[in-house]
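Quick notes on the structure that follows.
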Amino acid sequence: DARVTQTPRDKVTEMGQEVTMRCQPILGHNTVFWYRQTMMQGLELLAYFRNRAPLDDSGMPKDRFSAEMPDATLATLKIQPSEPRDSAVYFCASGTLLGLNTGELFFGEGSRLTVL
Amino acid sequence: DQQVKQNSPSLSVQEGRISILNCDYTNSMFDYFLWYKKYPAEGPTFLISISSIKDKNEDGRFTVFLNKSAKHLSLHIVPSQPGDSAVYFCAASAFMQGAQKLVFGQGTRLTINP
């Protein structure tokens, strides 16, 4: 049963702390997205990788957010320092180039971040 | 700059009736439109899609309609069932800024009442 795996599921931290969220995409998928869910904006695109190369991170606050793919089985999203306004659910999604042409992505269960 | 908009945050429908969820978009470059369904504490899952060259796609109880001239699409669920209660996200896909992007709306929470 192939699925996108995200850790941690829940994270509570204090303002100023570093937060790292991890994602294992579905084996064979070469595109990986990071989205953030907020009440006002819905699902906001933060970053996008194809074949591990970052293609678009224009949705990410550059001064505190960074996204990487150290290898094909791991994508990371780091926030340093974290702020209360970063509190949200962060989703990782993966897909293939063929599926992506029709827009279909497979999402993980999300990482709920609360910054106090 | 919200390129995909779902103006109804919530919708309540009686079981057995038709549910109609609406979505508007602004970018004429979008070539695919999709609906995703999301249950609490889970990630969104793909529901149905439609190419920009079509105006209707049907899959069981779910039908998506596309009106390109109005830049509007809708999802019809008939008959509605309690298990359909979820948040529905409209999404649009296009090649933008060197990458194939999937842009989502804000979501509509659908509640099916028995």
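Note that the protein sequences, when read in sequence, are chains A and B. Remember, our numbering sits 117 above the position in the first sequence when you count from 1. Remember, our numbering sits 6 above the position in the second sequence when you count from 1. All residues carry an ideal CB built from backbone N, CA and C; glycine is no exception.
* Asked: Any beta-carbon of chain A closer than 8 Å to the one on lysine 74(B)?
  -> no
* Could you say which of Asp174(A), Lys195(A), Phe224(A) lies nearest to glycine 133(A) if we only look at CA atoms? => Lys195(A)
* To do: Please confirm if tyrosine 207(A) has its CB atom under 8 Å from at least one CB of chain B.
  => So, not an interface residue.
* Asked: With respect to the beta strand (DSSP E) encompassing methionine 186(A), which residues constitute its N-terminal and C-terminal limits?
  -> 182–188
* Can you find a CB in chain A that lies within less than 8 Å of the CB of glutamate 64(B)? -> no
* Pairwise C-alpha distance: phenylalanine 39(B) and valine 19(B) -> 24 Å
* **Per-residue burial, glutamine 154(A) [other beta carbons within 10 Å of its own, 16 or more giving buried]** => buried
* Asked: Does the beta-carbon distance from phenylalanine 68(B) to lysine 62(B) come in below 8 Å?
  -> no
* Asked: From Thr122(A), Thr137(A), Arg120(A), pick the residue whose C-alpha is nearest to that of leucine 230(A); which is it?
  -> Thr137(A)
* Simplified DSSP state of aspartate 61(B), which is helix, strand or coil -> Looking at aspartate 61(B) - three-state DSSP - the assignment turns out to be coil, as it is neither helix nor strand.
* For the stretch 168–188 of chain A, which residues have a CB atom closer than 8 Å to at least one CB atom of chain B, in sequence order? -> Those residues of the stretch 168–188 of chain A that come within reach of chain B (Cβ to Cβ, closer than 8 Å) are Leu172, Asp173, Ser175.
* Kindly give me the distance between the Cβ atoms of leucine 233(A) and proline 201(A), rounded to whole angstroms, as I take these residues to be in contact under 8 Å. => 7 Å
* **Host beta strand (DSSP E) of arginine 139(A) (start-end)** => 136–141
* Asked: Are leucine 222(A) and leucine 53(B) close, meaning C-beta to C-beta below 8 Å?
  -> no
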